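Chemist: To start, I am sharing the structure in question, which I have written as structure tokens.
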Amino acid sequence: MASYHISDSQLAEEKKWIEASQKDPRAFGKLYHYYYNRIFLFVYKRVEEEDEAADIAAQTFLKALSNIGKYSFQGVPFAAWLYRIALNEVNMHYRKAKNRVIESIEKVQIAEMLEEPEALFSEEMLGRLSEVLKKLDKEDMQLISLRFFEGLPFKEAGEILGITENNAKVRTYRILERMKKQFRMTEK
Numbered sequence: 036m037a038s039y040h041i042s043d044s045q046l047a048e049e050k051k052w053i054e055a056s057q058k059d060p061r062a063f064g065k066l067y068h069y070y071y072n073r074i075f076l077f078v079y080k081r082v083e084e085e086d087e088a089a090d091i092a093a094q095t096f097l098k099a100l101s102n103i104g105k106y107s108f109q110g111v112p113f114a115a116w117l118y119r120i121a122l123n124e125v126n127m128h129y130r131k132a133k134n135r136v137i138e139s140i141e142k143v144q145i146a147e148m149l150e151e152p153e154a155l156f157s158e159e160m161l162g163r164l165s166e167v168l169k170k171l172d173k174e175d176m177q178l179i180s181l182r183f184f185e186g187l188p189f190k191e192a193g194e195i196l197g198i199t200e201n202n203a204k205v206r207t208y209r210i211l212e213r214m215k216k217q218f219r220m221t222e223k
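If you use our numbering, the sequence shown corresponds to residues 36 to 223, in order.
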């Protein structure tokens with residue numbers, strides 16, 4: 036079984052869809068339908084405007100379709116490539132708008148990140164954590180987002196960001212340690 040969200044047989048099926056899409060662009064529809072909701076939600080969590088998220092998701096799939104001939108199957112889910120394109124599109128959106136990426140935060144995700152019981156998080160604590168997250172640089176925020184907000188394994192997050200699985204782990208734990216220190220410093 037693959038260490039991703041999909042089994043080896045699903046990965047093999049996906050490879051067939053990719054190869055068919057490389058021969059006939061109309062076959063790309065299977066990949067589009069399979070991944071659209073995941074990519075849309077990934078984008079929506081970052082822009083929080085439905086119309087903009089739909090536009091960026093559409094642009095992501097348009098770029099993927101335009102470049103499907105260059106895609107080389109590496110034994111990882113096609114989603115890793117789509118997430119990378121989507122992340123680039125979101126970054127381009129914010130460069131144009133000169134805004135900071137917005138992240139939707141849920142108590143469960145915060146509890147997992149900071150290794151604290153979910154019940155301990157008040158609205159004041161959520162606000163403090165939001166401030167800590169805003170201080171992260173873009174690369175750190177992307178890694179934290181992929182790992183905790185998207186729930187991706189380290190290997191897949193690494194693939195999306197172009198780093199190794201081990202590097203993704205090490206960087207994540209270092210970022211979390213810095214976040215915990217900053218979070219504690221904001222206590223009153």
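Glycine included, every Cβ here is placed at the ideal spot set by N, Cα and C. Note that the structure is a prediction, hence the values are computed from the model and not measured.
(1) Please determine, among Tyr-69, Asn-126, Glu-159, the residue with the shortest C-alpha to C-alpha distance to Val-82.
(2) Hey, could you find the ends of the alpha helix (DSSP H) Thr-249 is sitting in?
(3) For Lys-105, does the three-state DSSP call read helix, strand or coil?
(4) Which of helix, strand or coil does DSSP assign to Thr-199?
(5) What does the Cβ neighbour count give for Met-220, buried or exposed, with the cut at 16 atoms within 10 Å?
(6) Below 8 angstroms between beta carbons: does that hold for Thr-199 and Arg-182?
(7) Sorted by chain position, which residues of the same chain lie with C-beta nearer than 6 angstroms to Gln-45's C-beta, five sequence neighbours on each side aside?
(8) Suppose contacts are defined by Cβ-Cβ distances below 8 angstroms. Is Glu-124 in contact with Thr-95 by that definition?
(9) Judging by CA-CA distance, which residue of Leu-178, Asp-172, Arg-119 is the nearest neighbour of Ala-291?
(10) Would you call the CB atoms of Trp-116 and Ala-99 closer than 8 angstroms?
(11) Using the Cα positions of Met-8 and Glu-174, report the straight-line distance between them to the nearest angstrom.
(12) If you draw a straight line from the alpha carbon of Tyr-71 to that of Ala-92, how long is it in whole angstroms?
(13) Between Lys-170, Pro-112, Lys-169, Lys-215, which lies nearest to Ile-41 when the distance is taken from Cα to Cα?
(14) Measure the Cβ-Cβ separation of Arg-119 and Ile-210 and say whether it is below 8 angstroms.
(15) Rounded to whole angstroms, what's the CA-CA distance from Lys-105 to Tyr-129? Just pull it up for me.
(16) In the DSSP assignment, the alpha helix (DSSP H) including Glu-48 goes from what residue to what residue?
(17) In chain order, what residues of the same chain have a beta carbon less than 6 angstroms from the beta carbon of Lys-65, not counting five sequence neighbours either side?
Modeler: According to the structure shown:
(1) Nearest option by C-alpha distance: Asn-126.
(2) Summary: the structure shown does not reach residue 249, with the chain confined to residues 36 through 223, and so no result is reported for it.
(3) Looking at Lys-105 - three-state DSSP - the assignment turns out to be helix.
(4) Thr-199 carries a coil assignment under DSSP once its states are collapsed to helix, strand and coil.
(5) Met-220 is classed as exposed because its beta carbon has fewer than 16 other beta carbons within 10 Å across all chains shown.
(6) no
(7) Around Gln-45: no qualifying Cβ.
(8) Contact: yes.
(9) This structure gives no information on residue 291, because the portion of the chain shown stretches from 36 to 223.
(10) Yes, the pair counts as a contact, with Cβ atoms nearer than the cut-off.
(11) With the chain represented from 36 up to 223, any question about residue 8 goes unanswered, as that position is not in the structure.
(12) 7 angstroms
(13) Cα-wise, what sits closest to Ile-41 is Pro-112.
(14) no
(15) 27 angstroms
(16) 43-58
(17) Trp-52
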